[in-house]
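Asker: Just dropping this structure here.
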Amino acid sequence: MSTALAVTSPDHLLAPPDRHTPRAHVLSPPDEQPLAAALAQTQDLLEQHGYLVTVYPATLPIRFRHRLHTVRSLLESRRIALLPVELPPLATGILVRQLRQLSLCDFAPGVLGAAARLLTHYLYAGAVLGSVARLERVPVDVTSHARSWLPGSRFAVLAAPAPELIRLGTPEADKGLTGPQFATRLTVAHGQPASEWATHTLPARWRVGQVHEVPLPRDSAAWWGTARLTEFVAAIPDVSVLYQLVASVRRDVCPGCGLELIGDRCAFCATPLPPAPPARTAPPTRTAPPAPSGPPAGPPSSATCEPVVADPRGIRP
């Protein structure tokens with residue numbers, strides 16, 4: 003059985019890197035599709051592919067989120083994985099594209115679903131913002147907040163894998179943002195005005211292989227708290243590297259549904275793996291002193307003879 007991928011916005015369906023990468027299915031919100039149609043669509047996907055992984059932003063409206071869970075519940079299927087992600091909109095699309103690439107590999111559905119959380123640690127997602135006054139998803143100090151009201155202020159912000167913020171045009175900007183230490187391709191989505199820092203300065207500092215421009219997702223302004231932005235993401239483009247990254251992780255069997263998985267929780271039934279048992283060590287033992295081989299010894303000296311105690315980490319040769 004194969005695994006289909008679904009998204010909740012066409013903005014998360016980026017152009018494939020090659021003609022072999024499959025598309026993801028775009029699910030419609032409740033006000034655009036009746037529940038019966040959503041059930042029929044999902045049932046068709048399960049019959050065609052066997053399993054379905056739906057990636058959606060954690061900021062998805064509550065009604066849409068409830069629709070996803072309602073469909074899964076009514077179909078009574080553990081073959082549907084619902085994966086919320088905390089990434090910015092452009093990074094969500096990049097993550098989905100990586101999963102689309104990996105869906106052609108020989109990974110089990112549980113491994114592919116769990117790979118989403120693993121791959122988020124290798125996405126460097128940020129933006130160039132004209133203001134951080136309304137930025138809520140990255141910590142902003144009081145000074146940066148006040149400088150947002152100055153004309154011409156621009157900030158470079160990193161949301162993942164770890165938050166960072168610098169003000170461009172200042173000495174602190176010379177150090178730049180912390181970038182990846184592995185080969186990546188940079189995807190840039192310009193708003194208004196466009197940022198040359200994101201297309202020229204940043205690629206040189208991060209030593210990215212290529213720069214690819216795409217339209218700005220519609221939800222980007224709401225996520226970043228301003229319409230004056232340019233969003234960017236540095237990510238691993240090579241599917242062979244992505245494959246090795248996922249394949250190198252230890253696999254387990256989900257105790258709830260029996261799927262093979264990586265990580266500590268099943269993406270399909272949400273069953274956590276039991277904690278690994280502690281390493282077993284040999285208890286300390288006392289050994290008798292060796293019997294004397296010569297004639298009986300004289301009276302013992304003032305020093306007492308203690309029995310040998312085995313090292314609890316194991317008997318040493």
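Take any residue in the sequence shown, count from 1 to its spot, add 2: that is its number in our numbering.
Backbone N, C-alpha and C define an ideal beta-carbon position, used for all residues, glycine too.
(1) Since residue 222 is in the alpha helix (DSSP H), which residue starts that stretch and which ends it?
(2) With the cut-off set at 8 Å, would you say residue 97 and residue 62 are in Cβ contact?
(3) In this structure, does DSSP put residue 193 in helix, strand or coil?
(4) Hey, is the region 86-97 in contact with the region 3-18, meaning 3+ C-beta pairs nearer than 8 Å?
(5) Are the region 228-243 and the region 174-188 touching by the rule of at least three beta carbon pairs closer than 8 Å?
(6) Should residue 161 go down as buried or exposed, given a rule of 16 or more other Cβ atoms within 10 Å for buried?
(7) Secondary structure at residue 133, three-state DSSP: helix, strand or coil?
(8) Taking Cβ to Cβ, would you say residue 123 is nearer than 8 Å to residue 86?
(9) First and last residue of the alpha helix (DSSP H) that includes residue 44?
(10) Classify residue 95 as helix, strand or coil using the three-state DSSP reduction.
(11) If we ignore side chains and look at the alpha-carbon of each, how far apart do residue 255 and residue 271 end up?
(12) Let me check you understand the geometry: is the CB of residue 36 closer than 7 Å to at least one non-hydrogen atom of the ligand MN?
(13) Using 10 angstroms around the beta-carbon of residue 194, count the other beta-carbons present and answer buried if the total reaches 16, otherwise exposed.
(14) Roughly how many angstroms lie between the CA atoms of residue 99 and residue 16, to the nearest whole one?
(15) Looking only at DSSP bridge pairs, what is residue 126 linked to?
(16) If we count Cβ pairs, one from each stretch, closer than 8 Å, do we get three or more for the region 174-186 versus the region 52-70?
(17) Around the C-beta of residue 28, are 16 or more other C-beta atoms found within 10 angstroms, so that it is buried, or is it exposed?
(18) Can you tell me the Cα-Cα spacing of residue 316 and residue 112, whole angstroms?
(19) Tell me which same chain residues have a C-beta within less than 6 Å of the C-beta of residue 223, skipping the five on either side of it?
(20) Name the DSSP beta bridge partners of residue 253, please?
(21) Should residue 115 be labelled buried (16 or more other beta-carbon atoms within 10 Å of its own) or exposed?
(22) Tell me which residues share the same chain as residue 51 and place their Cβ nearer than 8 Å to its Cβ, disregarding the 5 neighbours each side in the sequence.
(23) Relative to the C-alpha of residue 132, which candidate in 177, 261, 20 and 157 has its C-alpha closest?
(24) Given a threshold of 16 other Cβ atoms within 10 Å of its Cβ, counted over all protein chains shown, does residue 238 qualify as buried or as exposed?
(25) Comparing C-alpha positions only, which one of 70, 22, 210 and 30 sits nearest to residue 103?
(26) Could you round the C-beta distance between residue 125 and residue 89 to whole angstroms and report it? I think they count as a contact, below 8 Å.
(27) How would you label residue 76, buried or exposed, when you count the other beta carbons within 10 angstroms and need 16 or more for buried?
(28) Considering only the alpha carbon of each residue, which of 130, 247, 274 and 250 lies closest to residue 260?
(29) Grab me the residues of residue 227's own chain with a C-beta within less than 6 Å of its C-beta, minus the 5 sequence neighbours each way, in chain order.
(30) Which same chain residues, not among the five before or five after residue 19, have their C-beta less than 6 Å away from its C-beta?
Answerer: Judging by the given coordinates:
(1) Mapped onto the sequence shown, residue 222 falls at position 220. Residue 222 -> alpha helix (DSSP H) spans 222-226.
(2) Translated into the one-based positions of the sequence shown, residue 97 becomes position 95. Translated into the one-based positions of the sequence shown, residue 62 becomes position 60. Contact flag unset, no.
(3) In the sequence shown, the residue the question calls residue 193 occupies position 191. The answer is coil: DSSP assigns residue 193 none of H, G, I, E or B.
(4) The region 86-97 is in contact with the region 3-18.
(5) Touching, yes.
(6) Counted from its first residue, the sequence shown places residue 161 at position 159. Under this definition residue 161 is a buried residue.
(7) Here the question's residue 133 lines up with position 131 in the sequence shown. Reduced to three states, the DSSP call for residue 133 is coil.
(8) Stepping through the sequence shown from its first residue, residue 123 is reached at position 121. Stepping through the sequence shown from its first residue, residue 86 is reached at position 84. It is not a contact, given that the beta carbons lie outside the stated cut-off.
(9) As a first step, residue 44 is located in the sequence shown; it is residue number 42 there, counting from the start. It spans 37-51 - the alpha helix (DSSP H) in which residue 44 sits, taken as one unbroken run.
(10) Working through the sequence shown from its first residue, we reach residue 95 at position 93. The answer is helix: DSSP assigns residue 95 an H, G or I state.
(11) In the sequence shown, counting from the first residue as 1, residue 255 sits at position 253. In the sequence shown, counting from the first residue as 1, residue 271 sits at position 269. If I take the Cα positions, the gap works out to 12 Å.
(12) Among the ligands in the structure shown, none appear at all, so the ligand MN cannot be discussed.
(13) Position 192 of the sequence shown, counted from the start, is the residue given in the question as residue 194. Looking at its Cβ environment, which holds fewer than 16 other Cβ atoms inside 10 Å, residue 194 is exposed.
(14) In the sequence shown, counting from the first residue as 1, residue 99 sits at position 97. In the sequence shown, counting from the first residue as 1, residue 16 sits at position 14. Across the structure, residue 99 and residue 16 are spaced so that their CA atoms are roughly 7 Å apart.
(15) Along the sequence shown, one-based indexing puts residue 126 at 124. Beta bridge pairing from DSSP links residue 126 with 236.
(16) The region 174-186 vs the region 52-70: no contact.
(17) Taking the sequence shown and counting its residues from 1, one reaches residue 28 at position 26. Exposed is the call here.
(18) Start at 1 with the first residue of the sequence shown, and residue 316 comes out as number 314. Start at 1 with the first residue of the sequence shown, and residue 112 comes out as number 110. Unreliable placement is indicated for residue 316, whose pLDDT of 38 sits below 50; no coordinate value is reported for it.
(19) Numbered from 1 along the sequence shown, position 221 holds the residue referred to as residue 223. Excluding residues within five positions, the ones whose Cβ falls inside 6 Å are 229.
(20) Along the sequence shown, one-based indexing puts residue 253 at 251. For residue 253, which the question treats as bridged, DSSP gives the partners 264.
(21) On the sequence shown, position 113 is the one that residue 115 refers to. Result: buried.
(22) Along the sequence shown, one-based indexing puts residue 51 at 49. Within the same chain, 3, 4, 5 and 6 come within 8 Å of residue 51 by CB-CB distance, once the 5 residues on both sides are set aside.
(23) The count along the sequence shown starts at 1 and reaches residue 132 at position 130. The shortest Cα separation from residue 132 among 177, 261, 20 and 157 belongs to 157.
(24) As a working note, residue 238 is residue 236 in the sequence shown. It is buried - the Cβ of residue 238 has at least 16 other Cβ atoms within 10 Å.
(25) Translated into the one-based positions of the sequence shown, residue 103 becomes position 101. Measuring from the Cα of residue 103, the nearest candidate turns out to be 22.
(26) Indexing the sequence shown from 1 puts residue 125 at position 123. Indexing the sequence shown from 1 puts residue 89 at position 87. Residue 125 to residue 89, Cβ: 7 Å. Contact.
(27) The residue labelled residue 76 in the question sits at position 74 within the sequence shown. With a threshold of 16 other beta carbon atoms within 10 Å, residue 76 falls short and is exposed.
(28) As a first step, residue 260 is located in the sequence shown; it is residue number 258 there, counting from the start. When each option's Cα is compared against that of residue 260, the closest is 274.
(29) Counting from 1 along the sequence shown, the entry for residue 227 is found at position 225. If we look at residue 227 and ignore the five residues flanking it on each side, its Cβ neighbours are 136 and 137.
(30) For the purposes of this step, residue 19 is taken as residue 17 along the sequence shown, with counting starting at 1. Counting only Cβ-Cβ distances below 6 Å, and skipping sequence neighbours, we find nothing.
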